[in-house]
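Novice: The opening position of the sequence shown corresponds to residue 1 in UniProt numbering, with each subsequent residue numbered one higher. Below are the structure tokens for one structure; questions will follow.
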Amino acid sequence: MLGSPTFNYSAMMNRGDSSDIPEQDFIPQVPAREVFREPSEAQTYGGMGGYANGTEVNVDIKGINWFGMETGTAIPLGLWDNADNGTTAYQIASFLSDNKFNAIRLPLCVNWILTNPEPETSLINTAENRAISVKNYMSLLKSIVKVLAYRNIGVLLSMHTLTSTESGGLWYNDDISEDDFLDAIDTLTENLCSKTYWNIMGIDVKNEPAKATWGDGSDTDFHAGAKKIANRMLKGCSNWMGFVEGINADHSVTIDGTDYDYYDWYGGGLQDAAEYPLTFSTENKVVYAPHYYTPAVYPQSYFYDGGTQDSTGAIADYVEIDDETLKSRIKATMADMFGFLADDNASALLLGEFGGLYSSDLHPELTTKRCTDLSIEVIVESGWAGGFVWSLNPESAYQYNPADTYGTFTEGILEDDWLTANSEFLKGMAGLNDLENLRSFPCFEVEDSSSGSSSS
1 MLGSPTFNYS
11 AMMNRGDSSD
21 IPEQDFIPQV
31 PAREVFREPS
41 EAQTYGGMGG
51 YANGTEVNVD
61 IKGINWFGME
71 TGTAIPLGLW
81 DNADNGTTAY
91 QIASFLSDNK
101 FNAIRLPLCV
111 NWILTNPEPE
121 TSLINTAENR
131 AISVKNYMSL
141 LKSIVKVLAY
151 RNIGVLLSMH
161 TLTSTESGGL
171 WYNDDISEDD
181 FLDAIDTLTE
191 NLCSKTYWNI
201 MGIDVKNEPA
211 KATWGDGSDT
221 DFHAGAKKIA
231 NRMLKGCSNW
241 MGFVEGINAD
251 HSVTIDGTDY
261 DYYDWYGGGL
271 QDAAEYPLTF
281 STENKVVYAP
291 HYYTPAVYPQ
301 SYFYDGGTQD
311 STGAIADYVE
321 IDDETLKSRI
331 KATMADMFGF
341 LADDNASALL
351 LGEFGGLYSS
361 DLHPELTTKR
371 CTDLSIEVIV
381 ESGWAGGFVW
391 SLNPESAYQY
401 NPADTYGTFT
411 EGILEDDWLT
421 ANSEFLKGMA
431 GLNDLENLRS
441 FPCFEVEDSS
451 SGSSSS
């Protein structure tokens, strides 16, 4: 089990604010983040880790998403820290570390990276977040990464939205060209590829490219696009890894003799990577990072028996199924979408987003909650490299609760005040503690003044 699930304001404040973060007493080596091969009795699978000074350290990810920088506010939410609600970056980092989370996925906005605006300063208590710079977007990002580094928390930078109002089903649109996108990648590597930001894992090259294709050679071919983006990243920072999601299409799968039609989760469709696997300009840098969700996002038919789906997607007269059957269907659909990639000798596999409503699930038999629990079981039992739950933010919104009710429902790992842990949801994440290589994000000390960054 985790430590105390309570994220208590006064208790956390006793630790001091982020201005109390001391300087490191050594110069960190910038590790080459790589995919490592570890043999198991059943298969060879890919995990992630760091390499420096001749040392390899494998690390699995118990991660979480923390959003806000991809929106019009241009700032991670929750940092307003007043007498009633809000918190500080230091408190968030401490809370996550205390509960064995070792990585954060930070959604970013391409346009903000390019234009570097001042973030919405009314949404941050700068007196209590003295280590956080709000001069501009890039200085804010740098300071967030440094605060997380102090608690040995890794950071995955997600190219999440093209503009603050357009997520983008591709890596370009009428406002942001492909060249603009690549310039944003250059900006990130130029500013963040250094010993100071040693805890950056790499870049999720485009969030949920739902309008893309894979391997067809067209302008929408995300196999080609992801490769181009990742190679641009590696040119600027050979130590990082490229995280790649899937596309979206309709499919059918047979489970226990029954045929099911389904749509990929946005970011989840990697079926065509079997025929067109990814390779980058540098070996051992490919991490497949698909998304897999629960009925809170969309009540897929394979989560239930029976029922009739209406125009909103809600399912009337649904029939909930037992744990064994539900897990079998989750495992089978994961395998069909992306699970087979765990056998690829040149890549790693984790979930870039998963989860949904948890403690607020209104299914009589808690199907949405159970889907998250059983997804974690599949991740751990399959030997994948972990995943990033969605999300820290209490504003996280979902559309179905339960399957026959369409609306807007919110829940995160933190309660609405940003001061109190959602204890049931937090306890549910304890299943990821069984990941074989779960540890604090590795940092390496430079052996001598002549040591340089390892390259892969």
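Using N, Cα and C, we set each Cβ at its ideal position, and we do this for glycine too. Predicted model, so just to flag it, every value in this text is computed and none were measured.
Mapping DSSP to helix, strand and coil, what is threonine 139?
Specialist: This sequence places serine at residue 139; threonine is not what is there. If DSSP states are grouped into helix, strand and coil, serine 139 belongs with the helices.
Novice: Can you grab the Cα-Cα spacing for the pair phenylalanine 181 / threonine 187, in whole Å?
Specialist: Each residue's Cα considered, the two are about 10 Å apart.
Novice: Taking the C-alpha atoms as reference points, what is the distance between glycine 412 and cysteine 371?
Specialist: Roughly 16 Å between the two C-alpha positions.
Novice: Identify the continuous alpha helix (DSSP H) that holds glycine 63 and give its terminal residues.
Specialist: Element bounds for glycine 63: not the alpha helix (DSSP H) but the beta strand (DSSP E), 61-65.
Novice: Within a Cβ cutoff of 7 Å, which residues of the same chain sit near alanine 274, ignoring the five residues on either side of it in sequence?
Specialist: Phe340.
Novice: Going by the CB atoms, is the gap between valine 155 and proline 442 shorter than 8 Å?
Specialist: Not in contact: proline 442 and valine 155 (Cβ atoms no closer than 8 Å).
Novice: Using 8 Å as the Cβ pair cut-off and three pairs as the minimum, do the segment 90-109 and the segment 420-440 touch?
Specialist: Touching, yes, given that three or more Cβ pairs across the two stretches are closer than 8 Å.
Novice: Going by C-alpha to C-alpha distance, which of Gly242, Asp221 and Trp171 sits closest to isoleucine 200?
Specialist: The shortest Cα separation from isoleucine 200 among Gly242, Asp221 and Trp171 belongs to Gly242.
Novice: Threonine 161: buried (16+ other C-beta within 10 angstroms of its C-beta) or exposed?
Specialist: Threonine 161 should be labelled buried.
Novice: Identify the residues that DSSP records as bridge partners of serine 158: which are they?
Specialist: DSSP, once it has assigned bridges, lists Pro107 and Asp204 as partnering serine 158.
Novice: Nearest by alpha-carbon distance to lysine 369: which of Asp216, Pro402, Ala385 and Ser382 is it?
Specialist: Closest option to lysine 369, Cα to Cα, is Pro402.
Novice: Using the DSSP secondary-structure output, state which residues sit across from alanine 397 in a beta bridge.
Specialist: Its beta-bridge partners are Thr410.
Novice: Rounded to whole angstroms, what is the Cα-Cα separation between glutamate 324 and glutamate 377?
Specialist: So the alpha carbons of these two residues sit roughly 12 Å apart.
Novice: Grab the span of the beta strand (DSSP E) containing histidine 291 for me, first residue to last.
Specialist: From DSSP, the beta strand (DSSP E) with histidine 291 extends over 291-293.
Novice: Within 8 Å, do at least three Cβ pairs link the segment 120-128 to the segment 75-89?
Specialist: The answer is yes - the segment 120-128 touches the segment 75-89, with three or more Cβ pairs under 8 Å.
Novice: Compute the beta-carbon to beta-carbon distance between asparagine 393 and tryptophan 66, rounded to the nearest angstrom, for a pair I have assumed lies under 8 Å.
Specialist: With 8 Å as the limit, asparagine 393 and tryptophan 66 qualify as a contact, their Cβ atoms being about 7 Å apart.
Novice: Please list the terminal residues of the continuous alpha helix (DSSP H) segment that includes threonine 189.
Specialist: Unbroken alpha helix (DSSP H) run through threonine 189: 178-192.
Novice: Report, in whole angstroms, the separation of the C-beta atoms of alanine 289 and glycine 215, which I expect to be a contact under 8 Å.
Specialist: About 18 Å separates the two Cβ atoms, so there is no contact after all.
Novice: Near isoleucine 124, which residues of its chain fall below 7 Å by C-beta distance, leaving aside the five closest residues on each side in sequence?
Specialist: Closer than 7 Å at the Cβ level, and outside the excluded window around isoleucine 124, lie Ile75, Leu79, Trp80, Ile132 and Val134.
Novice: Pick out whichever of Gly428, Tyr304 and Trp418 has its Cα sitting closest to the Cα of alanine 83.
Specialist: If we check each option's Cα against that of alanine 83, Trp418 comes out closest.
Novice: In angstroms with no decimal places, state the Cα-to-Cα distance between aspartate 219 and glutamate 178.
Specialist: C-alpha separation (whole angstroms): 11 Å.
Novice: Which term fits phenylalanine 444, buried or exposed, when burial requires 16 or more other beta carbons within 10 angstroms of its beta carbon?
Specialist: It counts as buried.
Novice: Could you compute how far the alpha carbon of methionine 138 sits from the alpha carbon of glutamate 245?
Specialist: Rounded to the nearest angstrom, the two C-alpha atoms are 25 Å apart.
Novice: Considering only the beta carbon of each residue, do glycine 63 and glycine 386 sit closer than 8 Å?
Specialist: It is a contact, given that the beta carbons lie within the stated cut-off.
Novice: Could you tell me the alpha carbon to alpha carbon distance between phenylalanine 144 and threonine 258, rounded to whole angstroms?
Specialist: Looking at the sequence shown, residue 144 is not phenylalanine but isoleucine. Their backbone Cα atoms lie some 48 Å apart in a straight line.
Novice: Considering only their Cβ atoms, is the gap separating tyrosine 266 from alanine 210 smaller than 8 Å?
Specialist: Against a cut-off of 8 Å, the Cβ pair of tyrosine 266 and alanine 210 comes out as a contact.
Novice: If I measure Cβ to Cβ from valine 319 and keep anything under 7 Å in the same chain, skipping five residues before and after, which residues do I get?
Specialist: Cβ within range, chain order: Tyr304, Asp305, Gly306 and Gly307.
Novice: Measuring only the C-alpha atoms, how far is glutamate 436 from alanine 52?
Specialist: Cα to Cα, the separation comes out at about 21 Å.
Novice: For the alpha helix (DSSP H) holding serine 382, just list the boundary residues, first then last.
Specialist: Run containing serine 382: 367-382, per the alpha helix (DSSP H) assignment.
Novice: Starting from glycine 242, trace the beta strand (DSSP E) in both directions and tell me its first and last residue.
Specialist: Segment 241-244, the beta strand (DSSP E) holding glycine 242.
Novice: In this structure, does DSSP put arginine 329 in helix, strand or coil?
Specialist: Three-state DSSP puts arginine 329 in a helix.
Novice: Assign serine 396 to buried or exposed, taking buried as 16 or more other Cβ atoms, counted over all protein chains shown, within 10 Å of its Cβ.
Specialist: It is buried - the Cβ of serine 396 has at least 16 other Cβ atoms within 10 Å.
Novice: Could you check what DSSP says for residue 464 in three-state terms: helix, strand or coil?
Specialist: The first residue shown for the chain is 1 and the last is 456, placing residue 464 beyond what the model contains.
Novice: Sort out for me which residues DSSP pairs aspartate 305 with in a bridge.
Specialist: For aspartate 305, which the question treats as bridged, DSSP gives the partners Val319.
Novice: Please list the terminal residues of the continuous alpha helix (DSSP H) segment that includes glycine 339.
Specialist: First-last for glycine 339: undefined, no H or E at that position.
Novice: Exposed or buried, aspartate 127, counting other C-beta atoms within 10 Å across all chains shown (16 or more means buried)?
Specialist: With the sequence shown as reference, residue 127 is identified as alanine, and aspartate is not the correct amino acid for it. Result: exposed.
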